[in-house]
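Numbering (my numbering), first residue to last: 215 to 293.
The C-beta atom is built at its ideal place from N, Cα and C for all residues, glycine as well.
Every value quoted in this text rests on a predicted model; they were computed, and no experiment measured them.
Okay, structure first, notes after.
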Amino acid sequence: RREFMLMEARLLDERREGIAEGKEIGLAEGEAIGLVKGEAEHKLKVAKLMLAKGCYSLQEITELSGLSLADVEKLKEEA
Numbered sequence: 215r216r217e218f219m220l221m222e223a224r225l226l227d228e229r230r231e232g233i234a235e236g237k238e239i240g241l242a243e244g245e246a247i248g249l250v251k252g253e254a255e256h257k258l259k260v261a262k263l264m265l266a267k268g269c270y271s272l273q274e275i276t277e278l279s280g281l282s283l284a285d286v287e288k289l290k291e292e293a
């Protein structure tokens with residue numbers, strides 16, 4: 215009976231550790247995704263502002279925003 219209770223306690227501890235580890239991994243992945251999305255949004259914002267100014271070439275916009283030429287051309291068409 216005592217051995218069974220000890221085994222149950224160990225299994226419960228391992229389960230809790232697994233859940234905590236899963237949460238940590240999930241948070242780290244969520245942060246990484248958030249950073250990538252934020253960076254992409256910033257690039258789009260910069261390119262849109264530059265296009266709105268109308269005094270930058272597409273090449274300058276690609277260099278300064280970090281977007282591809284195709285992405286900048288698409289933004290220009292949408293504007």
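The Cβ neighbour count for Ala266, taken over all protein chains shown within 10 Å, is under 16; the residue is labelled exposed. One thing to note: Ala261 has its Cβ no nearer than 7 Å to the Cβ of Ile239. Residue range 272-279 is occupied by the alpha helix (DSSP H) that includes Ser279. The beta-carbon distance between Leu272 and Val286, rounded to whole angstroms, is 5 Å. This is short enough to meet the 8 Å contact definition. Secondary structure of Ala246 (DSSP, three-state): helix. 7 Å or more divides the Cβ of Lys251 from the Cβ of Gly280.
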